[in-house]
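Student:
There are 2 protein chains.
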Amino acid sequence: MSSDESPAGVRTLTAPDAASAAALVTDGLGADALVALFGRCTVDYEGRAASELGPGDRHVMLKPDGAALVHTDEGQKPVNWQSPGCEHDCRATEGATVVESRRTNPEESLVVRFSTVAHAAAFDVSDPETPEVIGTEADLKRRVLEEPSLVEDGFTPLATERKTPAGAVDVYGEDDAGRTVVLELKRRRVGPDAVGQLDRYVGALRRDLHADAEVRGVLVAPSVTGRARALLAERGLEFVPLTP
Amino acid sequence: MSSDESPAGVRTLTAPDAASAAALVTDGLGADALVALFGRCTVDYEGRAASELGPGDRHVMLKPDGAALVHTDEGQKPVNWQSPGCEHDCRATEGATVVESRRTNPEESLVVRFSTVAHAAAFDVSDPETPEVIGTEADLKRRVLEEPSLVEDGFTPLATERKTPAGAVDVYGEDDAGRTVVLELKRRRVGPDAVGQLDRYVGALRRDLHADAEVRGVLVAPSVTGRARALLAERGLEFVPLTP
DNA sequence: CGCTGGATGTCGCAG
DNA sequence: CTGCGACGTCCAGCG
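Chain order of the listed sequences is A and B.
So for the first sequence, the numbering used here puts the first residue at 1; every next one is plus one.
So for the second sequence, the numbering used here puts the first residue at 1001; every next one is plus one.
#1: How far does the beta strand (DSSP E) with S101 of chain A in it reach, from first residue to last?
#2: Who are the Cβ neighbours of F38 of chain A in its own chain at under 6 Å, not counting the five residues just before and after it?
#3: Could you pull out every residue in the same chain whose Cβ sits closer than 6 Å to the Cβ of D1199 of chain B, ignoring the five residues on either side in sequence?
#4: Three or more beta-carbon pairs under 8 Å between the region 194-211 of chain A and the region 222-232 of chain A, yes or no?
#5: Below 7 Å on C-beta distance, what does L53 of chain A contact in chain B?
#6: Does A1015 of chain B have its Cβ less than 9 Å from a Cβ in chain A?
#7: In chain A, which residues lie with their C-beta within 7 Å of the C-beta of P1241 of chain B?
#8: According to DSSP, is P148 of chain A part of a helix, a strand, or is it coil?
#9: Starting from the C-beta of Y45 of chain A, find all residues in its chain whose C-beta is less than 7 Å away, skip the five residues before and the five after it, and write them out in chain order.
#10: Helix, strand or coil, according to DSSP, for E1087 of chain B in the structure here?
#11: Please say whether D4 of chain A and T1014 of chain B have beta carbons closer to each other than 9 Å?
#12: For F114 of chain A, decide whether its Cβ has a neighbour in chain B, counting only Cβ atoms nearer than 9 Å.
#13: Counting beta carbon pairs with one atom in the region 1175-1188 of chain B and one in the region 1208-1224 of chain B, are three or more of them shorter than 8 Å?
#14: Run through DSSP, which three-state label would D193 of chain A get?
#15: At what residues does the alpha helix (DSSP H) containing G1056 of chain B begin and finish?
#16: Under 8 Å by Cβ, that's how I've got P244 of chain A and D139 of chain A pegged, so tell me the actual separation to the nearest angstrom.
#17: For R216 of chain A, name the three-state secondary structure that DSSP assigns.
#18: For the alpha helix (DSSP H) containing R226 of chain A, name the first residue and the last one.
#19: Hey, is T1012 of chain B's beta-carbon within less than 9 Å of any beta-carbon in chain A?
#20: If distances are taken between C-alpha atoms only, which option among B:A1121, B:V1202 and B:V1125 comes closest to R1162 of chain B?
#21: Indicate whether at least one CB of chain B lies closer than 9 Å to the CB of E100 of chain A.
#22: Only counting the same chain, and skipping five residues up and downstream in sequence, which positions put a Cβ closer than 6 Å to that of T225 of chain A?
#23: I need the straight-line Cα distance from E1107 of chain B to R1179 of chain B, nearest angstrom please.
#24: Whose C-beta lies closer than 6 Å to the C-beta of P1148 of chain B among residues of the same chain, with five residues either side of it excluded?
#25: Our contact map puts A1122 of chain B next to L1024 of chain B with C-beta atoms below 8 Å; I'd like the distance itself, whole angstroms only.
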């Protein structure tokens, strides 16, 4: 086993015994560090669902906010995980290094048992930044409100997030003939689900407004799938192609 | 800077210079290792959307399948990422360690620039296991097929994944009066979206079958939200409480 | 490849 | 806290 402490706020152990690994994890979490373990382990989860994972080499990350992530060499998603808000606990038990992360509401537990820890590290993290993302549905909405003719000539937005019994409508307005128009905005190509959503809003408004009020539903998205297009036609809804 | 090579298939560097860090990353990826970097960096993403992230301490994981994950001290989701299938590239440029992950279809790139690498590691991963998950929708389906009376006395399943113009129905069968019954199964409490889905299937079957065929739609889930319950009533659909 | 729907989805926001 | 919908959702399965 070897250990290292750098000025950069990193503490590591390579091939530690179980007690040393557990101590590093416990100390690290106590100091709000981000803790990483790599080695041979089994994983057991029980909560909303349940799962078991036999022995294998995995990378386990424990965050000071209570999140836990178990990663293998494949996939973007962790093979097992626990949400933020958990309590982490790590101890050496009969030569094994055992990490437990528990939460309530829902009651969930994740247990990782390391037969061998190949590497353990505690990182002091300072990250003042939050990322700025461009190209979201909010951007699309901004674009439509700034230039309503992108949807159609004579379209006038009157409200955003207008409440209906079926939920809030993205954009609510009227066309040049005074008909009510409901927009459902999607930042990317859409399937049948988005059409169903729009249809629920249109239906709710038709019932809510005067019986003589005409309500048009318009899906605004880069494109639609075939099934979605058929569903639009069937429900008498419209589609306007527009990209964020 | 210090380095370490253990018999357990782990290579690490603490506080390496840019060239050493880049070499470890490149060698590790070349050997199908899982690579982790920790240090002060900026992150730029461009693809389906776009984002920028100023300087901060983050943990970057590069997987041999092409996935890249950038984690801060908070959250279950990476603050930035790249999907499996990317090409990773790491080089030392003007004292900085720069990681680039690129893919096509869609064209996306993630660039992480480390001003300082506090720690770098390459892990040899061997993981033969895939996790067994209990409590999924598939389990609920199994339960219903084994004991159809859980849905209602006299219910007879005839097919699963039966195709309709609106998509495949979870379970298709008939009740004791010979009426067609469509089940939509959900492993957890459901909202309006699931009702919309069921409604589409029922509508498609009503159009597809003989005009005289009666079609019942039944949502099978642990529970429903208020809005979903209202929508069920409005569409003349039913609900049976059942937990996986 | 594209389409579809599930997921221990996660996350953020409003009531 | 629950409900609801967005998300660079991810992911498997199928045509």
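Even glycine gets a Cβ: it sits at the ideal position worked out from N, Cα and C.
Since this is a predicted model, take the numbers as computed values, not measurements.
Tutor: Put simply:
#1: A96 to R103
#2: H59, A118 and H119
#3: R1235
#4: yes
#5: E1129 and P1131
#6: yes
#7: Near P1241 of chain B there are no residues of chain A at all, since even the closest Cβ is about 17 Å away, more than 7 Å.
#8: helix
#9: S51, N80 and L110
#10: strand
#11: yes
#12: no
#13: yes
#14: helix
#15: Not the alpha helix (DSSP H): G1056 of chain B falls in the beta strand (DSSP E), residues A1050 to L1062.
#16: 5 Å
#17: strand
#18: Reading the sequence as shown, one finds Gly at residue 226 of chain A and not Arg. Its alpha helix (DSSP H) spans residues G226 to R235.
#19: yes
#20: B:V1202
#21: no
#22: G191
#23: 50 Å
#24: F1155 and P1157
#25: 6 Å
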